[in-house]
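So in the numbering used here, the last spot in the sequence shown is 408, and the numbers never skip.
Quick reminder that beta carbons are idealized off the backbone N, C-alpha and C, glycines included.
One structure below.
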Amino acid sequence: MNKNAALTALLILLLSGMALAENNPEKDIEKYYDDELYTKERFDSADKNKDGELDLDELEQEQRWYEEYRDGERFESADNDNNGAISFDEAKTQKNKEIENRMKIEQEALEDLRDKYPDADFTNWEWLKEHPEVVEEILASLLWLEENYDTAVVICKDWDWLQNHPAAALELYANHTWINRHPEVVRDLYTHREWIAANPNIAGEVLANRTWINNHPVVADKIYANRDWINKTPEVAKEFYANHEWLNKHPEALEAAVKDKKWMENNPTATKEIYANRRWLNGKPEVAAKLYGDKDWLKKNPDAAKEVFANKEWLNKNEDAAKALYGDREWLNNNRDVAQTAYRNKEFLNKNKDFAKDAEAHKNFVAKNPNSTKKALNNKPKQTPKPKGQRTAKKHAGGGGGKKGR
Numbered sequence: 003m004n005k006n007a008a009l010t011a012l013l014i015l016l017l018s019g020m021a022l023a024e025n026n027p028e029k030d031i032e033k034y035y036d037d038e039l040y041t042k043e044r045f046d047s048a049d050k051n052k053d054g055e056l057d058l059d060e061l062e063q064e065q066r067w068y069e070e071y072r073d074g075e076r077f078e079s080a081d082n083d084n085n086g087a088i089s090f091d092e093a094k095t096q097k098n099k100e101i102e103n104r105m106k107i108e109q110e111a112l113e114d115l116r117d118k119y120p121d122a123d124f125t126n127w128e129w130l131k132e133h134p135e136v137v138e139e140i141l142a143s144l145l146w147l148e149e150n151y152d153t154a155v156v157i158c159k160d161w162d163w164l165q166n167h168p169a170a171a172l173e174l175y176a177n178h179t180w181i182n183r184h185p186e187v188v189r190d191l192y193t194h195r196e197w198i199a200a201n202p203n204i205a206g207e208v209l210a211n212r213t214w215i216n217n218h219p220v221v222a223d224k225i226y227a228n229r230d231w232i233n234k235t236p237e238v239a240k241e242f243y244a245n246h247e248w249l250n251k252h253p254e255a256l257e258a259a260v261k262d263k264k265w266m267e268n269n270p271t272a273t274k275e276i277y278a279n280r281r282w283l284n285g286k287p288e289v290a291a292k293l294y295g296d297k298d299w300l301k302k303n304p305d306a307a308k309e310v311f312a313n314k315e316w317l318n319k320n321e322d323a324a325k326a327l328y329g330d331r332e333w334l335n336n337n338r339d340v341a342q343t344a345y346r347n348k349e350f351l352n353k354n355k356d357f358a359k360d361a362e363a364h365k366n367f368v369a370k371n372p373n374s375t376k377k378a379l380n381n382k383p384k385q386t387p388k389p390k391g392q393r394t395a396k397k398h399a400g401g402g403g404g405k406k407g408r
């Protein structure tokens, strides 16, 4: 029996239904692990300059396979040495950490449900329908969905129940990992466009699952056709403009957005995603110059400013504009996260020694003031876990690459 077959047999014994055994991360982690995203061959294929690491530009070109690292905080968390790129080992370490965390939370939440309802059959849909709070928990759990596939299919097909219980439906739509593994089960869920549009939180999750959307272009075109609704719904607009793969094939949507200055000012989160679309902006130098040159707006929107400094290709081709940005030392000193991104541009710094000195001063400041950046704060020890009976798998941080990280 090979390793995978043995592992599968062991997991069937340990995790049948809701009977969960002791946590064994080294074994269980392989059940969740998506090798397709993390094979060395795929990593090497994405590594265009063959330096053994992937920077944001390389990730952008391979975004279908490295979609989750489009999230700035996740990228920075994975980038342990803070050099603006992630190695294969860093990517695997980050993924393993997230999967382990998710698995632990899900196991504990399911154990709490079992303690609360000791006589319940959690595969009995007739019973579950009368307990929507339980359905919310199990739909949030990749572990439960995988181990109880048949019941999960029944739930997905009961549209009347789901539309009357939007909180439970939200957990299903938010479980991107499971949806992407079983697209045939959930395909019909994406056809209820009027209901989705009336529930912005759910609509945000639908659009946040860019992997599914881009694998179903006919559905994508129909959902994205309602541009007026998208631009008026912040949760949705953010996810729409984050889908660079689709937008770069339909640039008219981006061209219309950047002409609406008032909309951009009122929607900074969605606008930040436009700033992050380096491939499109680098092909539109006049648009990039206009957006990147609006320093007043950038000062009010540091997340967008970080995206400007992340576009090393544009900065290195437009040195005068770059010098104007780097030259505002007071701004950078007061925005250490922006500075952190800015000073990763080694090519620019090597040509401009005065700014290289600023980068060294920034590095020394952060070393003495470790809480001055979001990355340091995000890497602080987590709070003490909730006591038994209060644990939940819903809306947790985990490894899925979706809006809620699932």
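Asked: Buried/exposed call for Ala326, threshold 16 Cβ in 10 Å; Found: exposed
Asked: Simplified DSSP state of Glu113, which is helix, strand or coil; Found: helix
Asked: Residues of its chain near Leu147, where Cβ-Cβ distance is below 8 Å and the 5 sequence neighbours each way are ignored; Found: Ile140, Leu141, Ala154, Asn177 and Trp180
Asked: Nearest residue (CA-CA) to Asp339, options Leu174, Asn371, Cys158 and Arg281; Found: Asn371
Asked: Beta-carbon separation (whole angstroms), Asn150 vs Thr125, contact threshold 8 Å; Found: 6 Å
Asked: Proximity to Thr375 [Cα-Cα], best of Leu300, Asn335 and Phe90; Found: Asn335
Asked: Whole-number beta carbon distance between Pro270 and Val238, since they are thought to touch under 8 Å; Found: About 15 Å separates the two Cβ atoms, so there is no contact after all.
Asked: Opposing strand residues paired with Ser89 [DSSP bridges]; Found: Glu55
Asked: For Lys301, the three-state DSSP class (helix, strand or coil); Found: helix
Asked: Under 8 Å between C-beta atoms of Tyr243 and Glu207; Found: no
Asked: Nearest neighbour of Ala87, chosen from Tyr345, Leu249 and Asp356 [CA to CA]; Found: Tyr345
Asked: Beta-carbon proximity list for Ala341, same chain, < 6 Å, skipping 5 on both sides; Found: Leu334 and His364
Asked: Backbone CA spacing between Asn182 and Glu196 [nearest angstrom]; Found: 22 Å
Asked: For Gly285, the three-state DSSP class (helix, strand or coil); Found: coil
Asked: Collapsed DSSP secondary structure at Gly295 in the structure displayed; Found: coil
Asked: CB-CB length for Leu144 against Glu108, believed under 8 Å; Found: 7 Å
Asked: Trp231 versus Asp53 - alpha carbon distance; Found: 43 Å
Asked: Beta-carbon proximity of Trp248 to Ala222, cut-off 8 Å; Found: yes
Asked: Where the alpha helix (DSSP H) through Leu141 begins and ends; Found: Pro134 to Leu141
Asked: Own chain partners of Pro134 with C-beta closer than 6 Å, once the 5 adjacent residues on each side are dropped; Found: His167 and Ala170
Asked: Exposure label - Ser47; buried when at least 16 CB within 10 Å; Found: exposed
Asked: Residue burial classification, Ala369 (beta-carbon count within 10 angstroms, cutoff 16); Found: exposed
Asked: Coil, strand or helix - Arg104 by DSSP; Found: helix
Asked: Three-state secondary structure assigned by DSSP to Arg212; Found: helix
Asked: Sequence-distant residues of its chain with Cβ nearer than 6 Å to Val156 (five each side left out); Found: Trp127
Asked: Cα-Cα separation between Asn25 and Met105, rounded to whole angstroms; Found: Here Asn25 scores only 45 on pLDDT, less than 50, and its place in the model should not be relied on; the value that follows carries that caveat. Approximately 9 Å between the Cα atoms of the pair.
Asked: Cβ shell of Thr95 (< 8 Å), same chain only, five flanking positions each side left out; Found: Ala80 and Asn82
Asked: Alpha-carbon spacing of Ser89 relative to Glu349, whole angstroms; Found: 20 Å
Asked: Where Pro120 sits in the DSSP three-state scheme; Found: coil
Asked: Other residues of its chain near Lys480: CB distance less than 6 Å, five sequence neighbours each side excluded; Found: No answer is possible for residue 480: the residues shown for the chain start at 3 and end at 408.
Asked: C-beta atoms of Lys274 and Glu309 nearer than 8 Å; Found: yes
Asked: Assumed close pair Ala467, Ala291 - CB separation to whole angstroms, cut-off 8 Å; Found: In the structure as shown, the chain starts at 3 and stops at 408, and residue 467 therefore has no counterpart that could be examined.
Asked: Supposed close pair Leu172, Ile215 - CB separation, criterion 8 Å; Found: Rounded, the Cβ-Cβ distance is 17 Å, inconsistent with contact.
Asked: 7 Å CB neighbourhood of Gly329 in its chain, flanking five on each side removed; Found: none
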